[in-house]
Each structure stands twice: as structure tokens, then as C-alpha cells.
Amino acid sequence: MSLVALGKKRDAAVDFLPTSRREMDARGWDQLDILLVNGDAYVDHPAFGAALIGRFLEARGYRVGIVSQPRWDTTDDLTVMGQPRLFVGITAGNLDSMLNKLTAQKKVRSDDQYSPGGQTGKRPNRASVVYANLCRQAFKGVPIVLGGIEASLRRIAHYDYWSDSIRRSVLLDSKADLLIFGMGERPVWEVADRLAAGATLEDLRDIRGTGHVRRKGEWEHLEPSRFIRDGKPIHLPSYKVVKTDMAAFSQASGAFQKETNPGNGRPILQQHGHEAIYLNPPAEPLDTELMDELYDLPFQRAPHPSYRDPIPAFETVKHSIVTMRGCFGGCSFCSITEHEGRVIQSRSAESVLREVRQLRRMDDFRGVISDVGGPTANMYQMKCKSERIEKACRRLSCVHPGVCENLVTDHQPLVKLLRKVRGEKGVRKVFIASGVRYDLAERSPEFTKELAEHHTGGQLSVAPEHVDDDVLDKMKKPGAESYERFAEMFACASEEAGRDQHLVPYYISGHPGSTMDSMIQLARYLKKRGLRPRQVQDFIPTPMSMATSMYVTGLDPFTQEPVYTARSLREKRKQKALLQYWDPSQHDLAREALKEAGRYDLIGSGDKHLIPPARGKGSLSIHEKRRRTRSKQSRRGRTGRRGAGVPKSGGKPAGRKKR
Ligand code: SF4
2 MSLVALGKKR DAAVDFLPTS RREMDARGWD QLDILLVNGD AYVDHPAFGA ALIGRFLEAR
62 GYRVGIVSQP RWDTTDDLTV MGQPRLFVGI TAGNLDSMLN KLTAQKKVRS DDQYSPGGQT
122 GKRPNRASVV YANLCRQAFK GVPIVLGGIE ASLRRIAHYD YWSDSIRRSV LLDSKADLLI
182 FGMGERPVWE VADRLAAGAT LEDLRDIRGT GHVRRKGEWE HLEPSRFIRD GKPIHLPSYK
242 VVKTDMAAFS QASGAFQKET NPGNGRPILQ QHGHEAIYLN PPAEPLDTEL MDELYDLPFQ
302 RAPHPSYRDP IPAFETVKHS IVTMRGCFGG CSFCSITEHE GRVIQSRSAE SVLREVRQLR
362 RMDDFRGVIS DVGGPTANMY QMKCKSERIE KACRRLSCVH PGVCENLVTD HQPLVKLLRK
422 VRGEKGVRKV FIASGVRYDL AERSPEFTKE LAEHHTGGQL SVAPEHVDDD VLDKMKKPGA
482 ESYERFAEMF ACASEEAGRD QHLVPYYISG HPGSTMDSMI QLARYLKKRG LRPRQVQDFI
542 PTPMSMATSM YVTGLDPFTQ EPVYTARSLR EKRKQKALLQ YWDPSQHDLA REALKEAGRY
602 DLIGSGDKHL IPPARGKGSL SIHEKRRRTR SKQSRRGRTG RRGAGVPKSG GKPAGRKKR
């Protein structure tokens with residue numbers, strides 16, 4: 002059990018992974034085995050990737066140190082603990098560095114949730130590439146291994162929204178020796194063990210969940226796969242082709258997605274000039290035993306003591322508990338399935354309860370657990386009815402179109418877990434803040450009842466995202482009627498519990514498939530129900546998602562049918578403004594959108610209208626007309642007194658007299 006759990010003061014020198022030579026000395030270490038370079042602040046908590054991998058490797062006997070947010074104009078910060086014996090592992094942080102920095106409108110964000118005090122500018126753009134180049138200068142001959150979400154989602158040629166270009170695989174730009182994609186525990190463990198046993202880089206080329214570059218002469222002889230289990234790689238269209246041919250880019254995206262099931266995914270090869278990137282099949286998911294072991298590691302559940310300012314992302318999660326990872330939803334705009342995998346990996350109830358007891362002993366814990374969940378609130382312990390079927394399955398989603406008949410949607414394990422967590426001594430309230438998958442929840446009145454009775458703080462966030470069937474189909478989300486059924490169930494359960502609470506729905510504007518007409522349909526739906534969503538996400542094309550492929554190519558990656566997409570920033574803003582029909586600051590844009598769509602019938606001041614008329618001539622209220630007249634008269638009076646070009650006694654202006 003960690004010292005925090007025992008209520009003792011933390012000592013940076015021994016309780017955290019070392020970040021300095023002094024902390025290494027305190028452990029009696031003369032050299033690190035593995036150095037992790039991290040784009041986020043070092044928070045010793047399982048929600049932070051570098052800490053999770055660092056603790057995991059430490060538990061396997063490796064000496065691991067962390068350098069967080071190093072300066073990138075010098076190698077001095079990287080070398081404070083000397084050269085590592087086995088390898089340097091690099092992560093840009095919990096988010097892609099460009100997504101962390103810029104908004105959907107490509108504006109610089111005002112804060113960075115993963116830096117002390119929310120300060121911006123603590124990591125470079127495309128941090129994986131910059132750190133890898135720095136590490137190569139700093140540690141000659143030491144293998145460089147990329148990991149984390151940025152590397153994972155940029156592992157093949159991909160679209161980069163912020164530069165509006167198709168970029169090469171990050172493996173080539175960074176010149177890293179190896180790339181770990183997906184959740185990294187199994188691959189990084191294998192890499193460490195093989196290197197420790199004296200393996201060369203060539204010997205690491207067959208590890209699942211990793212990719213590498215093949216030089217000229219090393220890949221041309223590889224025959225493309227003809228059937229699923231022939232062990233040969235599928236050949237994606239080359240970088241040169243996908244850079245200019247959008248149909249090829251779209252086909253590459255679809256083909257890539259079909260190889261993401263660890264049960265039957267094939268290796269992937271993509272030529273980049275004279276070289277090619279080679280990706281092995283995805284790593285096997287973690288079993289419950291390994292998940293428990295991971296979350297039982299001695300995390301201090303705190304930022305490293307060297308930080309004076311709080312880390313906002315930690316403040317959000319410090320009293321929350323992750324029960325599972327992975328998602329079988331396969332939503333087009335989301336990368337969780339690509340990164341965490343579609344197979345749900347759950348912790349045991351005992352492991353979760355052990356973490357509750359750790360929380361209970363934190364100084365600032367007042368008995369309120371802010372979230373019990375994961376990528377989705379209600380997929381705990383859900384899986385395909387048969388491992389054999391799951392391993393053979395080529396579907397991208399277990400819930401779209403429609404919930405698969407092979408999916409076991411039993412909510413009992415989750416209901417039992419929640420009851421146990423609530424029953425723990427010192428726990429007053431347990432919230433569910435992770436998104437509830439309502440097409441699953443509507444199948445379990447018992448879970449919905451528990452949710453309404455015990456786990457909602459007056460408002461429950463859900464993400465229907467849209468109401469138009471075509472758009473929902475492109476998103477791979479359930480139809481609006483599923484949301485309506487769940488909303489009804491939740492309302493009844495809340496009433497029965499004697500609680501006045503409601504759903505807070507989230508919507509996305511500007512998603513591929515979303516036209517101005519479909520956004521108007523959504524806006525009218527919201528107005529009719531008196532909904533004023535404060536959470537409207539302007540779609541961001543993040544690397545490698547299905548929706549991003551549609552955004553850049555205008556094609557469905559599986560059918561190759563055309564998909565309408567709002568490409569200009571202004572059109573995206575207009576789509577978003579329609580959903581904020583109630584906000585006066587958005588009215589000009591929303592009105593412009595309605596006029597473009599020929600929907601003048603929705604501009605007006607009545608109930609049937611969406612947006613009030615412009616405040617131009619002929620459309621001003623009587624009060625506004627009076628105010629403007631008064632103001633005009635008063636201005637005339639003032640200018641007359643000052644004599645600015647107007648003679649006091651009337652007649653022609655003085656200046657003209659001279660001429
Ligand atoms: S068969 Fe159905 S439940 Fe099983 S993995 Fe495939 S989609 Fe999911």
C-alpha cells in the first residue's frame with residue numbers, strides 16, 4: 002500500500018518514480034534501465050499514461066525514470082539522469098499535442114489541462130517528433146520507442162487537420178526505432194524483456210502492438226495477404242498515392258479499420274518512398290488479473306511534489322475510479338476503439354474496492370466519488386457471448402447498426418459493483434460521470450433505476466449527438482428513438498425516486514454527413530423540447546478516425562459513397578450557431594445559415610421561429626426605434642454646439658466660404 006494510503010507525508014525521493022539524479026541516488030540507482038519522456042506533467046496516478054507505464058515496468062524490476070515537459074531547445078533536461086541502459090520511451094502526453102493546443106476553429110486554447118496551473122506552451126507542437134529528435138541527439142545509440150495516443154493515431158499516413166495536409170507516418174518523421182500503438186503494457190513489457198536479454202532492434206520486429214520502418218530491400222518481397230489467417234500483411238495504398246488520391250485514402254482508412262481486432266487483425270504494410278512502415282497485429286487485451294495488478298501498483302495519486310501549481314486534469318479525476326478500458330461502440334468520430342481496443346477489459350470488484358479504500362485515506366476526500374466508469378459508464382464486464390466468435394468477428398461495432406445478438410448486455414455485474422462501492426465505509430455519494438450508452442441502458446430497467454436513485458447529481462450527461470438518421474448512421478450512433486426511450490425511462494425512474502433531475506444531452510455540429518438542413522432539423526428538435534445545450538462540440542477531425550476520413554475525402558470509407566462535409570471554418574461555425582439558437586451572440590451566424598438554406602420561415606419573433614429577425618431597418622422594435630431617434634437628435638445637438646463644420650447661425654459651412 003502506498004504512503005498516501007497510510008496517511009504519511011510523501012517523499013519525492015523514494016515514493017515517486019525518479020525525476021532527478023538526487024532521487025535516483027536516494028534509491029541507490031547509478032543508471033536507469035528505461036527513461037520515459039513525457040509531454041504532460043508527471044502525475045503519479047493511473048489515469049496518466051506515463052505514470053501507468055512507468056509503474057508497470059517498475060513492478061517488473063526495471064529502473065524507470067521520468068522527464069516531464071523538457072525544454073526542447075536544449076538536451077539539458079533530458080540528460081539529468083544520464084543515459085538509460087535499455088531504451089528511451091516517448092509520449093506526447095494523454096492527448097495529441099496539436100489537439101491539446103488548438104480548438105476546432107484552429108485557435109490556440111487558453112489553457113492546458115495537463116500542465117501545472119493550466120499553463121500553455123509547456124510542450125512543442127508534434128511533441129513525439131520533437132522529443133524523438135532531441136533524444137537521438139542526447140543519447141547516441143539508445144533505442145527510441147514512441148508510444149502514447151499521438152504516436153498510436155499517427156502510425157500510418159494520416160490527415161492532419163491543423164496543417165490541412167496528409168502527413169507521413171510519425172515513425173518516419175520522428176525516425177524512432179519502434180512505435181507502440183494501442184494500450185502499451187504488453188508490448189512495452191516484451192520490448193524491455195527482449196532488450197534486457199540482449200536482443201537487437203531487428204529482434205523486436207515481430208512484437209504485437211508495435212510498428213517499425215523497413216528500409217529499401219526489406220519489404221518489397223513481402224506478398225500481400227490473400228486470406229485472413231495467412232500471416233501476410235495487407236498492403237495499404239502508399240503514402241504517395243493517398244496524398245493525392247482521396248478515393249485511395251478512403252479505401253486505406255476502411256481497410257486499416259478492419260484489422261483492429263486482435264483476434265484476426267493482420268499485419269499492415271504501407272510504402273513511404275523507398276521505405277515502408279510495417280505494423281504487427283494489435284496486442285492482446287489485458288485479462289482481469291493483469292488489470293487488477295496494474296491498478297494495484299503503488300501510485301501516489303498525486304502530482305510530483307516539485308509542482309507548486311495544481312494540474313487541472315488531475316483535479317478532475319483524483320476522486321474517480323476507472324473500472325474498465327476499451328469500447329465496442331466504434332463511433333466514427335472517436336478514437337477509443339482504435340487506441341484502447343474494442344474488447345472490454347474489466348477489473349475485478351475486489352480491485353475496485355481496494356482503490357475505494359485508498360481514496361478514503363486521501364486528505365481531501367470527503368466521501369464523494371466523482372466517477373466510477375471508463376470510456377463508457379455501462380460496458381463493465383460486457384463481452385461477446387463466445388470468445389471464438391469474438392476472435393473471428395470482423396464487425397467494427399457491437400452496437401451499430403443495432404445491438405449484436407451475440408453481445409451479452411447484462412448490467413448485473415455493474416449494478417452489483419456499484420452497490421458494493423456505495424456500501425464501503427466512508428463513502429457518502431458515488432457519481433457516474435462517464436457517458437452512459439443509452440442503447441444498452443434501456444435494456445436494463447434495474448441499472449437505470451440505480452442510476453436515477455443513487456448516481457446522478459441532478460443532471461446526467463448523455464451523448465445522443467444528433468437526431469438526423471443519416472448523420473447518426475455516419476456517426477455509428479443509435480437512432481434518436483433509442484435516446485427518447487431512455488429519456489422516458491430515466492424520467493420515470495427519477496420520479497419514482499422522488500428526485501428532480503434531468504438529462505444533459507451533448508450534440509456535435511459539423512460532423513460529416515451533417516448538412517445545414519440536418520442541423521436546422523436538430524435545432525428545431527431542441528427548441529421544441531425547450532433544450533438549450535451548453536455543450537455543443539464542433540467536430541474536430543482527429544488523426545485516423547473514420548469521421549476524419551470522411552471529412553478529408555468526402556467519401557464513406559466502407560461504401561465509397563459521397564458524404565457531404567462542412568469544410569470551411571465559417572460553415573462549421575454556422576452549424577454550431579444553429580444549435581445555440583437561444584444565444585444572442587450566435588444569432589447573426591444562425592440567421593445567415595437559415596437564409597442560405599432558404600428557411601426565411603424560421604426567422605421571426607414567434608414560437609414557431611428559431612431565430613429573431615435582424616435589427617435592421619423595418620425590423621426594429623418600437624423601443625429601439627425611439628432610442629435610436631433620441632440618440633440621433635442628441636448627436637445633432639452636440640455637433641451643432643461644437644461647430645464642427647456647421648456654422649452657428651446656419652447657412653454654409655465656414656470652410657466653404659473661403660472657397
Ligand atoms: S459477434 Fe457481435 S458481439 Fe461478438 S464481437 Fe462481433 S459484433 Fe461484437
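In terms of the numbering used here, the sequence shown opens at residue 2 and continues consecutively.
Where is the CB? At the ideal position from N, CA and C, for every residue including glycine.
Since we're looking at a predicted model, the values are computed, not measured.
Which residue from the options puts its Cα closest to that of residue i?
i, options, result
"A48", "I167, H320, P234, D34", "H320"
"L172", "L196, F182, I509", "F182"
"L504", "S519, G511, L532, A498", "L532"
"P446", "P465, D469, E425, H412", "H412"
"Q106", "P376, L53, S569", "S569"
"T410", "R423, C385, E59", "C385"
"L441", "M490, E496, E151", "M490"
"L527", "G274, P506, M517", "P506"
"Q536", "T543, K577, P542", "K577"
"R396", "P286, K529, T457, T261", "T261"
"M99", "A52, S164, Y63", "S164"
"P283", "F257, P238, Q120, H455", "F257"
"M82", "T92, D97, R64, G514", "R64"
Within the continuous alpha helix (DSSP H) that includes residue i, where are the two ends?
i, result
"R361", "350–361"
"Y296", "289–296"
"Q587", "Taken as a continuous stretch (DSSP letters only), Q587 belongs to no alpha helix (DSSP H), as it is neither H nor E."
"N101", "98–102"
"A248", "247–258"
"S321", "First-last for S321: 321–323, but that is the beta strand (DSSP E), not the alpha helix (DSSP H)."
"L172", "171–175"
"V318", "313–318"
"V373", "It is not in any alpha helix (DSSP H) - V373 instead sits in the beta strand (DSSP E) that spans 372–374."
"S550", "547–554"
Apart from the five residues on each side of it in sequence, which residues of its chain come closer than 7 Å, Cβ to Cβ, to residue i?
i, result
"S1", "Shown here, the chain extends from 2 to 660; a query on residue 1 therefore has no answer."
"Q84", "F140, V143"
"R206", "H213"
"T104", "R110"
Can you tell me whether DSSP reads residue i as helix, strand or coil?
i, result
"A464", "strand"
"L504", "strand"
"Y484", "helix"
"N134", "helix"
"K430", "strand"
"Q382", "coil"
"Y240", "helix"
"V15", "helix"
"G210", "coil"
"P144", "coil"
"R396", "coil"
"Q413", "helix"
"I167", "strand"
"Q346", "strand"
"P188", "helix"
Please go through the same chain and pick out, in chain order, the residues whose beta-carbon is closer than 6 Å to the beta-carbon of residue i, but skip the five residues on each side of it.
i, result
"V131", "W73, P125"
"D608", "none"
"I509", "E466, Q538, F540"
"C399", "F329, C405, L408"
"Q382", "S347, P414"
"Y565", "T516"
"G185", "I54, G148"
"L603", "L595, H610, L611"
May I ask which residues mark the beginning and end of the beta strand (DSSP E) holding residue i?
i, result
"L270", "269–273"
"D159", "Here the sequence assigns His to residue 159, which means Asp is not the residue at that position. Its beta strand (DSSP E) spans residues 159–161."
"Q84", "That residue, Q84, is in no beta strand (DSSP E); it is neither H nor E in DSSP."
"E276", "276–280"
"Q120", "Where Q120 is concerned, there is no enclosing beta strand (DSSP E), given that its DSSP letter is neither H nor E."
"L452", "No beta strand (DSSP E) holds L452; the alpha helix (DSSP H) holding it covers 446–455."
"D54", "Position check: residue 54 holds Ile in this sequence, whereas Asp was assumed. Counting along the chain, I54 falls outside any beta strand (DSSP E), though it belongs to the alpha helix (DSSP H) covering 50–60."
Taking 7 Å as the line, does the beta carbon of residue i fall inside it for any heavy atom of ligand 2?
i, result
"E285", "The ligand content of the structure shown is limited to ligand 1, which means ligand 2 is not among them."
(request) Specify whether the segment 431–442 and the segment 457–464 touch according to this definition: at least 3 beta carbon pairs, one from each stretch, less than 8 Å apart. (result) Yes: at least three Cβ pairs fall under 8 Å.
(request) Determine contact between the segment 474–481 and the segment 316–335, defined as no fewer than three beta-carbon pairs at a distance below 8 Å. (result) A contact exists between the segment 474–481 and the segment 316–335.
(request) Could you say if the segment 359–369 and the segment 310–318 meet the contact criterion of at least three C-beta pairs nearer than 8 Å? (result) Fewer than three pairs of CB atoms, one per stretch, sit closer than 8 Å, so the segment 359–369 makes no contact with the segment 310–318.
(request) Would you be able to state if there are at least three C-beta pairs under 8 Å between the segment 266–275 and the segment 225–243? (result) Below 8 Å, enough C-beta pairs join the segment 225–243 and the segment 266–275 to call them touching: three or more.
(request) Flag this pair as touching only if the segment 55–63 and the segment 113–120 have three or more C-beta atom pairs under 8 Å; answer yes or no. (result) No: fewer than three Cβ pairs fall under 8 Å.
(request) Specify whether the segment 277–294 and the segment 349–360 touch according to this definition: at least 3 beta carbon pairs, one from each stretch, less than 8 Å apart. (result) Using a C-beta cut-off of 8 Å, the segment 277–294 makes contact with the segment 349–360, since at least three inter-stretch Cβ pairs fall below that distance.
(request) Examine the Cβ distances between the segment 179–196 and the segment 236–246 and report whether three or more of them are shorter than 8 Å. (result) The answer is no - the segment 236–246 does not touch the segment 179–196, with fewer than three Cβ pairs under 8 Å.
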